[in-house]
Amino acid sequence: MSDKKAKHSKTTKSRAATSMSKSMYTIPPAPAAPQEEPELFQPLAPVVVAPAAQVSFASSPEFSRIDVPTQNLKISNELKDIETIQKYIDAATKFIPFLYSYRSISKAINNENINPDQQIIKMSMSQKLETDQVYEIFSRIFEGPFKQICNLYDFSKDAVKMITRTLSEMKYEPSDVFFDHLTQFFDVIFNIDNLKLVKTGIVNDLTFFKRKLNADRSDVNKSKEANQESQEMFQTANLIQVWISSKNSILLEIRTGSSSLLNFYPKYLEYCYSSYNSPFLLPKQRSTLVIGIITALYASGTKAAGNIFENSITSKVLSIIEKNSIIPLYAENSFAPGYLLAEIEGFPSKGHNIATTPEILKSYESSYLIKNKMDTFRDMYRKSLQIATNISKNLPFKESDLLELLSNAAEMSNAITLQFAFKMVIRKQVEGNDVKNYDRGVRLNYSPEDLNALIELIGYVKTLTCTTILAEEKISEYITKHINKEIQNFVQNDLEKLLISCSDEPACVEILNGIRDVFGFWHGKDPSKNLAKKSKEFVEHKITDTNAMLSNHLIEVLSVQIQSLVKGKSPFLAKSKKFNSKPRIHGKDVNIYNNFAKECSKYISLINYCAVLRESTNLGALWYREVFLDLDQIIQFPVRSSLPFILAEHLLKITDLPALHDSMMFPFEIYNDAAYMAINTFQSQYLYREIEAEVSLCIDMISFSFSETFYKFSRETAAAIELPYDCLDKIVPTPMRYNIIVLQNKLMLLGSQVDFNEVTTGKLNRKLRTELESYVELLSDIRLTPFVSHLVRVAKSTHNVLVDNHLQMEPYNMIWQRAISFTQPLSLESHLVAILTKALDFVHYKFNSVTRRFNVSKEITLTPPTNEKWASVYKQIHQIDTTYIGKPHFKAIVELLSQGEMSCFIQKITLILEEELLKFIEFYAKVAPNLRMLPPINKDELLGYFTFNSDAYQSFTHPALGGLLNSMRSIGNIIAFVWCLDTEIAIHHDKEHTLMTPILEMVKQLLLDNHKLFIQEPEIDLESNSTHRSFPALWTILEFLMCSPKPIKIGDTTLQPFVTFGDGPILCAHMFIELCNQEPYALFDSINFRSLELKVAEKSSIAQTELKEYIRLAEFAQQATTFARFLATPYRIERKIDA
């Protein structure tokens, strides 16, 4: 390195070190004690504990690690070294958020997904911006991050120097507390070393920055000093870029400075092995120990310094590595210890089943899949839930219960994290280059069984966490009293016994008095006063309960002090003349003090119980993807790639596991955990904003999918309810438990309350209205009304099911009115009335007066509204209804229409009737002059009578005849249709007939207006032709043609009228005749009536085919005539008509 480069490097390091020392070692002032509120303002209710769903809650106070008055303690170098290491741990922790959340500036301004006006590089290429302008803009943005990168570089150098100096100059036997802090130091340093390598955006930005500096140092327009400064910054950037892009660069620096530490690392590995096998160890502590083991092996694994793998302890710690093939790091980042071990010189590749390659690691897949261990987790959950329930019910519990609960919850959470880490390392191999690595690790890498197990286990973890945190006040009170009692019992009683035995040793007395004075609660009394002179005279102190505050630092100092009594050159281990050359502490007594020191490490987890529980069960890593944004060269992944969304969506797709349905909200806890990490771990506002935006989108998408799914299940249940009695076994509703989800009206997401019930209700209201609108649109034919009415009943029952499941639905009538556009208070016409009116086709109906049905020749297709099974069942039920129009159809119309809509519907029909009546008058006026009734030659013999009439009238034709019969058919059909509808209304509403009166009164008025055409004079002149020119007389000719089996010509078509037109024309004609009171005149001239009378009189079978068919049709016509008289008789004109 040149002198200038060295000088600049030294200057940079010194500046960074100075700034770092300020940030690391400055102790903030203690917060002022809060003033006590007056009694008047004290809350009457208990203090509400923040639920687990909150993303922010008060952390345990640390008191800046100055809460222990150490004046009377014998402060060893070990405590000073621990404090130094802790300060570096705190400083290193601040760099991790910067590294993890770093996003490349150079990539962002050159990304194709950015809006064109924001693509600075492309704008410069198109000569919109000069290159110098681009560099200037970039350098301004990169200035802050570059300073932070320089600080990181300087810090890592200082941290390596500090730890190697501390370990090499160590003159004491380290305690477990020292080893624990050293392990934490190795953990954060290892994470920094890993993160700087995977965050390729930093290297890209440094490369771009070097281009700018390279241009600056050769710029002739700048001063020499400015060029020199650019040269020095270029060298610094280049040095840092090499360091960042180098693999394991910090570990290599530790290795370089560890040549004199060969005796230390075996001791450290002994501690790691012992701690790993301790009775109580959380998964996070286990992972930290594995990182510590890997760091120690890497730092000391060189043949030049002696092969550490030949040490006996190494084989023991390698057995730990065998059990931990994957170690989660920050967020989605993880590493395989075997991969790193394989790079260490001297590592024995044989003899250990360690995953050193991806192929070997993949073979461990079954051990990382949650679905293979669910029975174990279910047992853990049942036991832990019993403990948590007992705590919440104020039942007695012990320390062992709390530890079991914490351990089980942490183990289940760790299983989720390990599976996630494994899948992110061993990603699914799929064809195509357009599939992102993150999708191959998440979206495509979980089978349905994996998702089922993951959802179930997340539910277990979050249930335990939430239930336990609700009892935080009880737990905290118990733990504080319990640990204080244990500590005071040891300090006041066990140490006093030792003090009595060491009264002749001033050094021992000084140490013990210092510990008892600092850590003992003496209630204002002098602990040395009235001290027993002999062990036999010792009286045990009574320990009272206390809620005195405990901190991690206090317990650590106590642990170091106690452990210092039984290690190294402690005076308590020196031989004593008083005890026959035996140490003051010997034999089993040594284990008592060591065990208490180990208990202290357990106390640290207990005093911060709920905080440790929150951290141990935090599943926020399942959302993060910052490393993969760099790896996949993408700005952001779609929400459908997000694991929380995948889990929630999967729950809406499975129907065979209803037990999982009520776990649908648990995946959303991942967002809460991720938001907590964004705020507290990564301290990143934009990460939180991204989570917030995704939560908003996810809630909207999931609520939509949920409402669709829940509506589908509810509709299936309603469809089963609405089945006819003879079809009850055709639909069996699918069991589901989604109804529990809709009760969630206070879902906590990102610290805000989400009313999932309200969100879902709004979507279901719109869904129900949309479906009703689609049902109405199906009414293209009146024959579809039973099917549509049944669907509407299903929709109404669905609404009832939804309301029964506590959804705050709008009233059904309101939804129905909106669906049919019946929302105008001054208008009775709705969209439904318009659709039904449009569906009427009276001109093509064929009415049967016997069956009271309308037959329609046109075929229609019954289309189910959905592909679900219930819809196909309903299609089968109503398939028969598509062949006719009858009672089910009129019942359906009555059910569909309100009274006001029915009035409007009848009004529409009346207009159609009026139009048809006018057509009838027009056509009849054209046809009537061409009709002439001839006197028959023989009226006493049926065959002859039929033959005469056939010869006389069968050839009759007229261009308006078809229009006349069609108009008469329409009129008859309309009157019959209204009568059937009126009859159904009377049955349905238990009312008298009300619809026929206005219809027939309108017809009667028309007849009165044209009475000369329809009403015969009272006196009949048998010899005059004028008496046979009225409608009753002329109709008998048309009626005969209607019933004659011989086809007649109507227009260009030859057809049999009765078969074609049905009873409608006959019904129309005889309605007119009966209303005009012309029945006697009609009977006098009726060919059909005379023929039927002759048939009765002759009492013989009819052999002639045409005659037989004619008689059959005449009998049908007679039935239609009877029906017409039945309808018209109440409205018959009884008075004489004025000429």
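According to my numbering, numbering within the sequence shown proceeds without interruption in unit steps and concludes at 1155. We treat Cβ as the ideally placed atom computed from N, Cα and C, and that holds for glycine.
Sequence-distant Cβ neighbours of residue 425 in its own chain, meaning closer than 7 angstroms and more than five residues away, are 400, 477, 480, 481, 629, 632 and 633. Exclusion of the five residues before and after residue 1078 leaves 862 and 863 as the residues of its chain whose Cβ lies within less than 6 angstroms of its Cβ. Rounded to the nearest whole angstrom, the CA to CA distance from residue 435 to residue 412 is 36 angstroms. Listed in chain order, the non-local C-beta contacts of residue 370 below 6 angstroms within the same chain comprise 337, 338 and 354, local neighbours out to five positions each way being set aside. For residue 764, the secondary structure class from DSSP, reduced to helix, strand or coil, is strand. For residue 1121, the enclosing alpha helix (DSSP H) starts and ends at 1121–1144. Here residue 659 has 458 and 638 as same chain residues with Cβ atoms under 6 angstroms from its own Cβ, once five neighbours each way along the sequence are excluded. Here residue 114 has 164 as same chain residues with Cβ atoms under 6 angstroms from its own Cβ, once five neighbours each way along the sequence are excluded.
Distances from the alpha-carbon of residue 448 to those of 456, 214 and 442 put 456 closest. With a beta-carbon spacing of about 14 angstroms, residue 1086 and residue 1049 fall beyond the 8 angstroms limit used to define contacts.
Counting other Cβ atoms within 10 Å of its Cβ, residue 475 reaches 16 or more and is therefore classed as buried. Taking 7 angstroms as the cut-off, the beta carbon of residue 151 is found no closer than this to the beta carbon of residue 217. The residue from 415, 683 and 528 with its alpha-carbon nearest to that of residue 471 is 683. Here residue 591 is bridged, per DSSP, to 599. Burial check for residue 897: the Cβ neighbour count within 10 Å reaches 16 or more, so the residue is buried. Checking the DSSP bridge columns, you'll see residue 317 partnered with 323. Here the region 890–908 does not lie against the region 977–992, with fewer than 3 beta-carbon pairs under 8 angstroms apart. For residue 527, the enclosing alpha helix (DSSP H) stretches over residues 522–535.
The beta carbon of residue 473 is closer than 8 angstroms to those of 386, 390, 393, 428, 431 and 432 in its chain, skipping five residues each way along the sequence. Secondary structure note for residue 1071: its beta strand (DSSP E) is the uninterrupted segment 1069–1071. DSSP places residue 432 within a helical segment (H, G or I) once states are collapsed to three. Secondary-structure assignment with DSSP links residue 769 through a beta bridge to 764. Between the alpha carbons of residue 505 and residue 536 lies a distance of about 9 angstroms.
With a contact defined as Cβ atoms closer than 8 angstroms, residue 172 and residue 208 qualify at about 7 angstroms. DSSP lists 871 as the bridge partner or partners of residue 862.
Taken atom to atom, the span from the alpha-carbon of residue 889 to that of residue 444 is near 42 angstroms. When only Cα atoms are considered, residue 583 and residue 97 end up about 17 angstroms apart. DSSP places residue 1066 in the uninterrupted beta strand (DSSP E) bounded by 1064–1066. If you look at residue 802, you'll find it in the alpha helix (DSSP H) that goes 801–820.
The beta carbon of residue 765 is closer than 8 angstroms to those of 69, 684, 687, 688, 711 and 715 in its chain, skipping five residues each way along the sequence. By the neighbour-count criterion, in which a residue is buried when 16 or more other Cβ atoms sit within 10 angstroms of its Cβ, residue 228 is buried.
With a threshold of 16 other beta carbon atoms within 10 Å, residue 225 meets it and is buried. Every alpha helix (DSSP H) stretch that sits fully inside the region 345–377 and reaches 4 residues is listed by chain position as 353–357. The C-beta separation of residue 285 from residue 343 comes to about 17 angstroms, leaving the pair out of contact by the 8 angstroms criterion. Membership of residue 912 in the alpha helix (DSSP H) is indicated by the continuous run 903–912. If you draw a 10 Å sphere on the C-beta of residue 293, you find fewer than 16 other C-beta atoms in it, and that means exposed.
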